[in-house]
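Shown next, in structure tokens, is the structure this report addresses.
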Amino acid sequence: MTVAQAPEDVKNLFEMYSENGLMNADGLHKFLVEYQKEDETTTDDAQKIIDGSKHLAKNGLHVEAFFRHLFSDTNSPQVHHDMNAPLSHYFIFTGHNSYLTGNQLNSDCSDVPIINALKRGVRVIELDIWPNSEKDDVHVLHGGTLTAPVTLLKCLSSIKENAFVSSDFPVVITLEDHLTPDLQAKAANMITETLGDILFTPGPEVFKEFPSVETLKKRIIISTKPPKDYTEAKEDKDKENDSKSDKTDDEMATKKAEPHENKPKQKKAPEYKRLIAIHAGKPKGGLDECLEVDPEKVRRLSLSELELEKAAETHGKQIVRFTQRNMLRVYPKGIRVDSSNYNPMIAWLHGAQMVAFNMQGCDKHLWLMHGMFKANGQCGYVKKPDFLLNTNEIFDPEVKHSEKTILKVTVYLGEGWYYDFDHTHFDSYSPPDFYVKVGIAGVPEDKQMTKSKIVEDSWVPSWNQEFEFHLTMPQLALLRIKVHEYDMSKKDDFAGQTCLPVSEIRSGIRAVPLMDKKGDKYNNVKLLMRFEFTNPS
């Protein structure tokens with residue numbers, strides 16, 4: 013890329029902060045503080061940028077070196093959060109049926125998607141645990157389907173090896189437990205022996221408040237429904253006269269095991285129970301009972317996406333209040349057999365920490381999930397906005413809010429397709445015709461999608477277009493960016509995408525790397541963009 017291709021804004025800024033064709037450390041520092049709003053940057057930081065430039069001049073940057081710095085990966089638009097709050101104060105990057113390689117009905121179960129998820133920054137791994145066919149070992153599979161199983165031991169070993177590759181912050185294993193008490197004891201042994209010292213084991217008392225994320229660094233946490241002991245299960249059976257309508261999976265497993273009540277192995281379930289740090293379960297009764305806040309203990313509640321939507325219509329503020337102290341996990345509805353996902357915004361708007369997604373696909377909602385967790389250094393934990401944590405005035409998700417800020421986005425140009433794609437990928441006989449779509453994903457009032465002009469026959473398209481977004485809730489807004497190649501005769505070709513949390517976008521001119529459909533970063537494809545926040549008039 014040459015100086016001739018640099019946007020006029022870049023050339024003008026260089027002129028403003030340089031002298032005699034060179035930008036020295038003082039000039040670069042002034043630019044970074046005044047224009048890029050990087051207030052903590054020092055002159056020494058500016059000098060390091062100059063020293064590391066491939067286009068070194070003796071006393072500073074030429075215009076091309078300055079242009080190249082703006083287009084470098086180190087000039088990203090993002091910034092980091094306080095990690096000393098309780099676990100319930102964070103959105104957590106969460107997987108659903110983390111062991112599946114494909115669809116929900118007949119794909120293989122494997123530790124490979126678990127490894128991939130952890131490497132991407134996912135912090136909550138879900139395992140459905142079942143007895144094997146001989147009833148003497150524990151398998152991980154999607155029950156009631158044709159999915160081929162993988163052993164629990166293999167999954168645990170892979171979690172231990174990869175848990176902290178992308179982030180030091182805690183990994184939560186949510187167990188969907190379909191085991192008998194003797195196999196629960198076996199699972200407990202596997203968990204303790206495999207995970208060893210990195211397993212977080214709570215004391216005998218249930219937490220009154222969850223520990224902070226910072227104190228749980230490099231630890232693995234177990235979350236599931238506590239199993240009932242034999243006496244409790246028998247009392248339930250006598251009381252409910254064999255009714256199965258509202259039994260949990262753990263209760264049903266205990267009931268099935270009752271004919272063997274005299275065997276010593278029946279008393280091993282407490283070993284399993286002691287491993288559970290985040291207690292899960294759905295209380296009997298309606299939504300009011302489910303969302304009741306107990307000042308003496310915290311817990312995790314799970315709702316399907318449809319259950320959440322229905323609950324949000326009548327209990328919006330109660331859900332927000334519940335999630336200030338307790339954990340809420342939301343999971344895909346059962347008919348998503350293709351492993352597709354749902355819009356996560358309604359869950360985030362109500363404070364749900366664990367918005368469980370199928371990570372093996374490449375749908376637009378998964379791009380939003382990737383975008384949300386680009387925040388906070390991609391560590392897998394994002395601090396919830398203050399309005400969701402305010403106990404004095406509970407946030408009402410149904411109330412429409414006034415405009416808070418205006419985000420102005422300029423798309424200057426893009427590059428990298430020539431190096432990352434086959435030269436006939438987009439068009440057999442001519443360079444591609446690229447255009448950009450820029451929009452907002454967020455609360456209904458903020459949702460918007462706009463489109464640039466088409467730049468014909470160019471591997472380095474220059475759009476120089478500005479877009480303006482009026483935002484009522486920038487704390488939950490995500491900036492969506494997609495590039496397509498126009499095709500007159502068939503569907504336009506995909507040419508890259510990314511999604512950025514608006515709350516972390518830094519003002520100024522920034523390089524924005526693009527991702528493929530699966531969310532993996534291209535080697536070279538990126539856009540040069542400018543971001544500006546202004547107050548509504």
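Numbering (the working numbering), first residue to last: 13 to 549. Each residue gets a CB set at the ideal place from its N, CA and C atoms; glycine is no exception. Every value quoted in this text rests on a predicted model; they were computed, and no experiment measured them.
For residue j and residue i, the rounded distance between their alpha carbons
i: Asp258; j: Ser224; result: With a pLDDT of only 41 at Asp258, under 50, the local geometry of the prediction cannot be trusted, and no value is derived from it.
i: Leu372; j: Cys121; result: For clarity, residue 372 is Gln in the given sequence; the question names Leu instead. Approximately 12 Å between the Cα atoms of the pair.
i: Gly426; j: Leu540; result: 6 Å
i: Met339; j: His362; result: 11 Å
i: Leu400; j: Pro295; result: 24 Å
i: Gly328; j: Ser352; result: 25 Å
i: Ser65; j: Asp51; result: 22 Å
i: His92; j: His101; result: 15 Å
i: Ser110; j: Glu138; result: 5 Å
i: Lys529; j: Asn32; result: 45 Å
i: Gln17; j: Lys23; result: 10 Å
i: Asn388; j: Glu325; result: 31 Å
i: Pro143; j: Asp149; result: 6 Å
i: Pro513; j: Lys240; result: 43 Å
i: Thr163; j: Pro397; result: 39 Å
i: Phe176; j: Lys229; result: 9 Å
i: Tyr354; j: Gln116; result: 15 Å
i: Thr206; j: Asn174; result: 13 Å
i: Val394; j: Leu490; result: 13 Å
i: Met95; j: Asp432; result: 37 Å
i: Thr186; j: Asp434; result: 42 Å
i: Met35; j: Lys60; result: 13 Å
Neighbourhood of residue i by C-beta distance below 7 Å, restricted to the same chain and skipping five residues each side
i: Asp504; result: His496, Glu497, Tyr498
i: Asn118; result: Thr157, Leu158, Thr159
i: Val423; result: Val448, Val450, Ser464, Trp475, Gln477, Leu539, Met541
i: Ile62; result: Ala37, Leu40, Gly72, Leu73
i: Tyr430; result: Trp471
i: Lys502; result: none
i: His382; result: Cys511, Gly531
Candidates the options, of which the one nearest residue i by Cα
i: Lys49; options: Ile521, Asp528, Asp56; result: Ile521
i: Pro19; options: Pro473, Lys420, Ala368; result: Pro473
i: Met384; options: Gln487, Lys198, Ala324; result: Gln487
i: Arg231; options: Asp21, Ser179, Gln17; result: Ser179
i: Val467; options: Ser442, Ala453, Ala489; result: Ser442
i: Lys285; options: Pro238, Glu325, Ala323; result: Pro238
i: Val218; options: Val22, Thr484, Val310; result: Val310
i: Gly454; options: Ser519, Thr417, Phe433, Ile358; result: Ile358
i: Thr236; options: Phe481, His291, His435; result: His291
i: Leu318; options: Cys302, Lys345, Glu301, Glu308; result: Lys345
i: Gly293; options: Arg341, Glu457, Asp123; result: Arg341
i: Pro456; options: Met500, Glu410, Pro444; result: Glu410
i: Met11; options: His108, Cys511, Gly297, Phe181; result: Here the chain covers residues 13 to 549 and nothing more, so residue 11 does not appear.
i: Trp379; options: Gly508, Ser519, Lys131; result: Gly508
i: His377; options: Ile452, Met485, Glu173; result: Ile452
i: Gln196; options: Thr206, Glu27, Ile141, Phe83; result: Ile141
i: Thr484; options: Glu188, Pro548, Ile517; result: Pro548
i: Leu320; options: Tyr343, Glu301, Arg333; result: Tyr343
i: Ser84; options: Phe545, Glu544, Val537; result: Val537
i: Asp375; options: Arg312, Lys60, Phe506; result: Phe506
i: Arg518; options: Arg132, Tyr47, Val75; result: Tyr47
i: Trp300; options: Pro356, Arg333, Asn370; result: Checking the sequence, you will find Asp at residue 300 rather than Trp. Among Pro356, Arg333, Asn370, the Cα nearest to that of Asp300 is on Arg333.
i: Ile171; options: Glu146, Gly133, Gly155, Thr192; result: Gly133
i: Ala5; options: Glu221, Lys60, Tyr29, Gln59; result: With the chain covering 13 to 549 only, the question about residue 5 has no answer from this structure.
C-beta neighbour in chain D for residue i, strict 7 Å
i: Gln48; result: Protein chains in the displayed structure number just one, and chain D is not present.
Same chain only: Cβ atoms within 6 Å of residue i, ignoring 5 sequence neighbours per side
i: Arg135; result: Ile104, Phe105, Val183, Gly392
i: Glu366; result: One point to set straight first is that residue 366 is Met, not Glu, in the sequence displayed. Correct list, in chain order: Ile104, Thr106, Val136, Arg341.
i: Asp21; result: none
i: His482; result: Glu415, Ile418
i: Asp209; result: none
Same chain, Cβ closer than 8 Å to residue i, neighbours up to 5 away in sequence not counted
i: Leu287; result: Ala200, Ile203, Thr204, Leu211, Thr213, Ile234
i: Lys533; result: Pro525, Leu526, Met527
i: Val349; result: Asn115, Gln116, Leu117
i: Glu480; result: Ile418, Leu419, Lys420, Val421
i: Pro161; result: Cys121, Trp142, Asn144, His151, Val152, Leu153
Closer than 6 Å: residue i CB and nearest the ligand FMN heavy atom
i: Arg312; result: What this structure holds is no ligand at all, so the ligand FMN is not there to describe.
Inter-stretch contact (C-beta, 8 Å, three-pair minimum) for the stretch 211-218 and the stretch 123-136 | Not touching, per the Cβ criterion.
Scan the stretch 290-317 and note each continuous beta strand (DSSP E) run of 3 residues or more that stays entirely inside, going in chain order.
-> With a minimum length of 3 residues, the continuous beta strand (DSSP E) runs that stay inside the stretch 290-317 are 312-316.
Counting only runs that start and end within the stretch 440-503, where is the beta strand (DSSP E) found for 3 or more residues in a row?
-> Runs found: 446-453, 460-463, 474-483, 490-497.
Which ranges would you report for the alpha helix (DSSP H) in the stretch 79-159 if only whole runs of at least 4 residues count?
-> 124-132, all fully within the stretch 79-159.
Secondary structure, alpha helix (DSSP H): runs of 4+ residues fully inside the stretch 390-448 = The stretch 390-448 contains these whole alpha helix (DSSP H) runs: 398-401, 429-432.
Every unbroken alpha helix (DSSP H) inside the stretch 17-56 [4 residues or more] | Complete alpha helix (DSSP H) runs here, min 4: 20-29, 37-46.
Please specify which runs of the alpha helix (DSSP H), each continuous and at least 4 residues long, are wholly inside the stretch 158-241, giving them in chain order.
-> Listed in chain order, the alpha helix (DSSP H) runs fully inside the stretch 158-241 are 164-174, 193-207, counting runs of at least 4 residues.
Mind listing, in chain order, the continuous alpha helix (DSSP H) runs of no fewer than 4 residues lying wholly within the stretch 345-392?
-> Listed in chain order, the complete alpha helix (DSSP H) runs (minimum 4 residues) inside the stretch 345-392 are 357-361, 376-384.
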